Amino acid sequence: MKKGLFNLSEVATYFFRKKDPNRKTNFNLRTMHTINKISILMFLAGIVYFIVKHI
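Numbering of the sequence shown is given in full-length UniProt numbering, commencing with residue 1 and proceeding in unit increments.
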């Protein structure tokens, strides 16, 4: 089994990154990141709901 398979540090730090001043942003990129954040939160909420429901 690979060592970094369950490394969730990138997912955890995705919400708390500082903006890179050298990177150019546009509407599409901001929208993509917003949708990604919403989907991660919905997935985690579903996992928590599933665990609580079955305990």
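For each residue, glycine too, the CB sits at the ideal point set by N, CA and C. This structure is a prediction, so every number in the text was calculated from the model and none was measured.
> Any beta-carbon of chain B closer than 8 Å to the one on residue 7?
Replying inline: Absent from the structure is chain B; it holds one protein chain and no more.
| Can you tell which of 54, 44, 51, 53 has its C-alpha closest to the C-alpha of residue 8? | By 1-based counting over the sequence shown, the position of residue 8 is 8. The candidate whose alpha carbon is nearest that of residue 8 is 44.
What's the gap between the Cα of residue 30 and the Cα of residue 22? Taking the first residue of the sequence shown as position 1, residue 30 is located at position 30. Taking the first residue of the sequence shown as position 1, residue 22 is located at position 22. Rounded to whole angstroms, residue 30 to residue 22 spans 15 Å at the Cα level.
field: 3 or more residues per run - each beta strand (DSSP E) lying fully within the segment 9-49
entry: none
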